[in-house]
Amino acid sequence: MADQYATAQDMINAVSTGVRHIEISRYVTAAGYVIMVFDHMSTFPDEVELIWLKPMSPVSCLFLFNRYVVPIIALIDLWSFGGLAKGVTDKFCRDWLIAEGAFQTLCQGIAHLLACLRVRALLNGKRWIDWVLLVWGLLYFSGAVTTTSMILAYVKRDYAWNPILNVCFGSMPPWMAWAWVPGLVFETILFGMLISKAYQDWRRDVSFPITRLLYRDGFLSYLLISSCSLFNIIAWTALPSSLVALAKNFSFCLIVTMSSKIVLNLRDLRRRPEDAVYAPQTDAPFELGSVVPGKPRTSRVGTFQNSRTGKNPFRPTSPPVPSRVWTTSKNDGWDRSMPEMPPISVTVQVDVHREVEVDELHYDSDEKK
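So for the sequence shown, our numbering puts the first residue at 9; every next one is plus one.
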């Protein structure tokens with residue numbers, strides 16, 4: 009009898025601990041969903057102005073897919089896992105397990121792709137950069153799909169509705185944490201390339217608002233994604249199986265939210281008067297890391313014409329002025345070692361292979377006299 013009482017007591021303690029762990033996971037999941045919805049509501053006016061009222065591009069489509077598909081997935085998961093569902097069948101549990109795993113893998117892949125495009129743009133989109141990013145991107149996505157498929161096949165065997173815990177539950181594989189390793193490795197490689205480029209710009213004393221924005225968002229994105237990945241790896245290896253959902257949905261919401269912020273921040277740069285002169289003239293080419301320099305725009309600058317003589321000092325077919333001649337510095341602005349020139353209107357090519365307009369470059373020799 010004593011042994012039976014001890015076994016029953018252990019079972020009661022295990023159930024009580026499991027219920028408490030699931031309640032904690034529900035609160036953490038709800039917190040991630042609230043953060044995502046709050047960010048969506050607070051940035052919706054920017055989304056309308058910068059996404060919906062602009063011509064659609066591949067980046068816009070990826071942004072909108074994550075922006076509106078992820079909240080639906082998280083809401084269904086919150087309903088089924090949050091204790092709100094009643095009378096759920098085992099078939100629904102298994103079907104939703106497969107659908108949720110597929111959508112989460114796809115949405116996180118889109119978030120990593122957007123981060124990859126930022127790094128490609130900063131590194132000038134060279135051919136060898138394209139091959140490096142393509143190879144590592146394929147390795148990441150194939151690894152993520154493989155590990156996710158193996159985990160889903162393992163969990164699906166006994167995944168069913170648990171009326172005691174009021175959730176879908178099943179056995180978890182001991183190697184489940186490997187699902188987050190491919191994304192962490194890929195983001196670490198992107199971050200290393202970002203650090204290398206930032207160091208080169210620092211050595212050359214090159215600084216533009218758009219590059220500073222991309223560096224800042226790149227650092228914050230890596231800090232968030234790596235923290236979420238490590239959070240899940242620790243939760244799935246060191247914590248009890250009843251806490252397996254502690255970090256999964258929370259991290260999923262935060263990663264997608266950060267990805268959306270990066271897209272909106274880049275497009276918002278063009279709205280700031282003090283930075284508009286250095287912002288990309290079109291969203292799609294820069295976001296996709298296009299390496300083909302655009303043609304000089306005549307709508308604002310017009311022809312290359314000297315304001316004093318009225319003559320064109322440049323030939324129309326002359327190449328853009330290299331960035332090493334017309335440059336900005338994080339110290340004092342324009343390079344004063346250049347010869348004195350009258351006011352002219354030019355288009356310059358910056359280090360990230362994007363055109364920026366300089367309406368007037370004033371080198372007035374009369375002021376010096």
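Ideal Cβ placement from N, Cα and C applies to all residues, glycine included.
Item: Residues that DSSP places opposite W169 in a beta bridge; Value: C176
Item: Local conformation of S267 per DSSP, three classes; Value: helix
Item: 7 Å CB neighbourhood of K256 in its chain, flanking five on each side removed; Value: N240
Item: 8 Å Cβ shell around T51 - same chain, five flanking residues per side excluded; Value: S268, K269, L272
Item: C-alpha gap between F100 and I218, whole angstroms; Value: 47 Å
Item: Candidates C236, G117, L61, of which the one nearest L70 by Cα; Value: G117
Item: Among M180, L238, L86, S65, nearest to V163 - alpha-carbon criterion; Value: M180
Item: V252 versus P63: straight-line alpha-carbon distance, rounded; Value: 42 Å
Item: Environment of K205 [buried if 16+ CB atoms lie within 10 Å]; Value: buried
Item: Inter-residue spacing [alpha-carbon to alpha-carbon] between K94 and P171; Value: 9 Å
Item: Buried or exposed (CB count within 10 angstroms, at least 16 for buried), M266; Value: buried
Item: Assigned exposure category for N21 - 16 Cβ within 10 Å defines buried; Value: exposed
Item: Host alpha helix (DSSP H) of D225 (start-end); Value: 217 to 246
Item: Whether W73 touches Y148 by CB criterion (7 Å); Value: With the sequence shown as reference, residue 73 is identified as Phe, and Trp is not the correct amino acid for it. No, these two residues do not count as a Cβ contact at 7 Å.
Item: Where N21 falls: helix, strand or coil (DSSP); Value: helix
Item: CB of D254 within 7 Å of CB of A243, strictly; Value: Looking at the sequence itself, residue 254 is Leu, so the reference to Asp does not match. Closer than 7 Å, so yes.
Item: For P79, the three-state DSSP class (helix, strand or coil); Value: helix
Item: CA nearest to the CA of T156, picked from G191, C124, F177; Value: G191
Item: Rounded straight-line distance, which links the Cα of P182 to that of A39; Value: 27 Å
Item: T97 - DSSP class collapsed to helix/strand/coil; Value: coil
Item: Closest by C-alpha distance to I263, when choosing among I30, Y41, E31, S33; Value: Y41
Item: Check whether M44 and C261 have beta carbons under 7 Å apart; Value: yes
Item: Of the residues L131, G226, C115, I197, the one placed nearest R75, counting alpha carbons only; Value: C115
Item: Cα-Cα separation between G26 and F177, rounded to whole angstroms; Value: 11 Å
Item: Expected contact under 8 Å - CB spacing of L130 and L231 to nearest Å; Value: Going by Cβ atoms, the distance from L130 to L231 rounds to 17 Å, so no, they are not a contact pair.
Item: Sequence-distant residues of the same chain with beta carbon closer than 7 Å to W144, five excluded per side; Value: F194, I197
Item: Beta-carbon proximity list for F199, same chain, < 6 Å, skipping 5 on both sides; Value: Y230
Item: Option in F46, M201, V214 with minimal Cα separation from C124; Value: M201
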